[in-house]
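Chains as they are written, first to last, in the working numbering: chain A, 1 to 238; chain B, 239 to 525.
Below is one structure, written out as C-alpha cells; the observations come after it.
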C-alpha cells in the first residue's frame, strides 16, 4: 500500500463539511463549503470558541469531518488511508497550542524523530541540524532534557521548530508565539520569512493571540464561523 | 375504568420493552466493544506490515523496552510467587498424595496444577497488575499530552509505532515469564518435597518427565500467548479511548484491569474445559 503521487498543494477545499467532537453534540462546523487561499500567510480568526484550533486540525487532516469532504488538490482526504495520505502529510508541518512533545524523549530526540523515522538523513546529520537550531534559538543547555524538565515556552518552541524540520511546503501553527518571548517570536517570524524566500515554504496558516507577530508576517485574514469562511485580502490587524 | 386499564397495559408494555432494552444493551455493548478491539488489532498489524518507514530497528527498540518493563522487571515478584506456589502445593497435598499413590503422583500433580492452570493464571494476573495498568495509563497520558496526534503530524502511524510493538513485546514477555514461573514453581515444589519427604532429585525429575505430555507444550503456548495478547490489546485499546482530559486516565486504567481479568480468566476456563472434554472423549468416557 503506497502513498499517492503528490507534487504540491494546488487546491484546498471543504465541501459540505460537518464536524463535532462528540456525536450528537452541537457541531463546530456545519455544512462548511469553501476554497482556501494558497501561497500566503493566513491568519485564521474568529470569535472565541468558534473553532479556530479545530479548523487548523481539519486543515492538517488530524481530524476528519464526520460528513462532507476535504479535498487537497483533487484528492478526497476523507477517503484516504494513513499510508496513502503519508506523502501529503510529510509536506504539512503542524504545531500544537500546548503539548505535542513525546514525553520520554529529549528535546533533541523530539526534533530529530521525524528525520530519523522517515530516513531523511543520517543520524549525525539530523543531530547537527538540531544542534544548529538549538544554537540559533538559544537552548543548547536544555537540548538533552526531557519536555517535563523545561519551561512551557521552550516546549512550545520545540513543537514549532519540529513543524519545520521536514522542510514542509505548508505549515499550520496553532498559537505559536504565546509564551515563547519576544526574541524567540522574532526569530520564528524571521525563519518563516527566510523559508518563504528560499521557496521551501509556500503556505502558512496560523492562529495567534499575538497581533504584533501576525502583523509582522503580513498575514491576511480568514474569518471562520460555523458554516462559513470569509477571506479578507487586507492585512490582518492593520 | 377503561382509561385506567389502558394506562396499566401501556405501563406493562413499557416495562417489558424497558426490560428487553436493559438486557440487550450490555449484549450490544459487548459486541461493539469486541468489534472495535478487533478493528484496532487489524489496523495496527496492517499498519505495521505496510509501514515502509518503520524499520525493524524502531520496532525492536519499543519491543525490547516492553520486554524489559514487563518481563525482566517482573522477575523478582514472579520468583517469590512461584516458589511459594510450588511449595504450598506440595505442602498441602503431601497428606492427600500418600492416600492416592504416594510420592509417585507428585509430577502429575505439579504438571496439572502449576503448568496447566496456576502458572498461566498467576502470570497473567501479575502482568495485568504491573504492565496492563502501566500501558493503559501511559497511552492515556500520551493522548492527553497530544503525543498521539504529534506522531500523526510527523507521519508516524500511532498504531504501528505504539500499539503493535506493545502487543508483540507483551506476548513475548508473558510467554517468557510463564516459562520462568513454571521452572521456579517446580523448583520450589522440589525443595519442599525434598525437605519433608526426602525425595531424591532424579526421582522428582522422572516423575515430572512421565507426567508432562507434548500437548502441554501446545497448551502452554495457547494459554500464555493468548493471555498476553488479551492483556496488551485491552490495555492499548482502553488507553486510546481517552479523549482529552487527565481525569479519564485512571478510569480507563481501572477498566483495562477489570476487562483483562474477566477475559483472561474466561479464556483460561474455556481452554481448560475444552481440554478436559477432549481428554474424556479420548478415554471414551464421553461420546
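Ideal placement from N, C-alpha and C gives every residue a C-beta, glycine not left out.
Remember, it's a predicted structure, so these values are computed and weren't measured experimentally.
Whole-number beta carbon distance between residue 221(A) and residue 43(A), since they are thought to touch under 8 Å: Contact holds; Cβ gap of about 5 Å.
Residue-chain proximity (residue 278(B), chain A), Cβ-Cβ < 9 Å: Judged by the 9 Å Cβ criterion, residue 278(B) is not in contact with chain A.
Inter-stretch contact at 8 Å, needing at least 3 Cβ pairs: the region 161 to 173 of chain A / the region 105 to 118 of chain A: Flag = yes, the region 161 to 173 of chain A and the region 105 to 118 of chain A touch.
CA-to-CA distance, residue 69(A) to residue 46(A), given in whole angstroms: Per the coordinates, the alpha-carbon of residue 46(A) lies some 22 Å from the alpha-carbon of residue 69(A).
Closer than 9 Å to chain A by CB, residue 481(B): Yes, residue 481(B) counts as interfacial toward chain A.
Buried or exposed by the 16-neighbour rule on C-beta atoms within 10 Å, applied to residue 357(B): Around the beta carbon of residue 357(B), 16 or more other beta carbons sit within 10 angstroms, so the residue counts as buried.
Own chain residues within Cβ distance below 6 Å of residue 387(B), not counting five before or after: Sequence-distant Cβ neighbours of residue 387(B) in its own chain, meaning closer than 6 Å and more than five residues away, do not exist here.
Distance between residue 482(B) and residue 296(B) (C-alpha atoms, nearest Å): Cα-Cα distance, rounded: 27 Å.
Residue 367(B): first and last residue of the uninterrupted alpha helix (DSSP H) it sits in: Per DSSP, residue 367(B) belongs to no alpha helix (DSSP H) and is neither H nor E.
Residue-chain proximity (residue 118(A), chain B), Cβ-Cβ < 9 Å: Any Cβ of chain B closer than 9 Å to the Cβ of residue 118(A) would place that residue at the interface, and such an atom is present.
Beta-carbon gap between residue 31(A) and residue 18(A) smaller than 9 Å: Contact flag set, yes.
In DSSP terms, what residue 269(B) is bridged to: Paired residue(s): none; residue 269(B) is not in a bridge.
Unbroken beta strand (DSSP E) run spanning residue 18(A), endpoints: Unbroken beta strand (DSSP E) run through residue 18(A): 12 to 19.
Test: residue 420(B) CB closer than 9 Å to a CB of chain A: Not one chain A Cβ lies under 9 Å of residue 420(B).
Backbone secondary structure at residue 178(A) - three-state DSSP: DSSP, reduced to helix, strand and coil, places residue 178(A) outside both helices and strands of the structure shown, so it counts as coil.
Selection from 231(A), 226(A) and 232(A) that minimises the alpha carbon distance to residue 26(A): Of the candidates 231(A), 226(A) and 232(A), the one whose C-alpha sits nearest the C-alpha of residue 26(A) is 226(A).
Inter-stretch contact (C-beta, 8 Å, three-pair minimum) for the region 136 to 146 of chain A and the region 78 to 95 of chain A: Result no; under three Cβ-Cβ pairs closer than 8 Å.
Segments of 4+ residues assigned as alpha helix (DSSP H) that fall wholly inside the region 89 to 142 of chain A: Runs of the alpha helix (DSSP H) inside the region 89 to 142 of chain A: 107 to 117 and 123 to 136.
Cα-Cα separation between residue 197(A) and residue 274(B), rounded to whole angstroms: C-alpha of residue 197(A) to C-alpha of residue 274(B): approximately 47 Å in a straight line.
Three-state secondary structure assigned by DSSP to residue 232(A): Residue state, collapsed to three classes: strand.
Proximity of residue 380(B) and residue 103(A) at Cβ, strictly below 9 Å: Taking 9 Å as the Cβ cut-off, residue 380(B) and residue 103(A) qualify as a contacting pair.
Candidates 516(B), 377(B) and 429(B), of which the one nearest residue 211(B) by Cα: One cannot answer for residue 211(B) here, as it falls past the ends of chain B, which runs 239 to 525.
Residue 94(A) at chain B interface by Cβ criterion, 9 Å: Interface flag for residue 94(A) against chain B is set, since a Cβ pair is found closer than 9 Å.
Reduced DSSP category for residue 313(B) - H, G, I as helix; E, B as strand; rest coil: Note: residue 313(B) maps to helix in three-state DSSP.
Residue-chain proximity (residue 29(A), chain B), Cβ-Cβ < 9 Å: Judged by the 9 Å Cβ criterion, residue 29(A) is not in contact with chain B.
Buried or exposed by the 16-neighbour rule on C-beta atoms within 10 Å, applied to residue 238(A): Annotation note: pLDDT 41 at residue 238(A) (below 50); position unreliable, coordinate value reported separately. That one is exposed.
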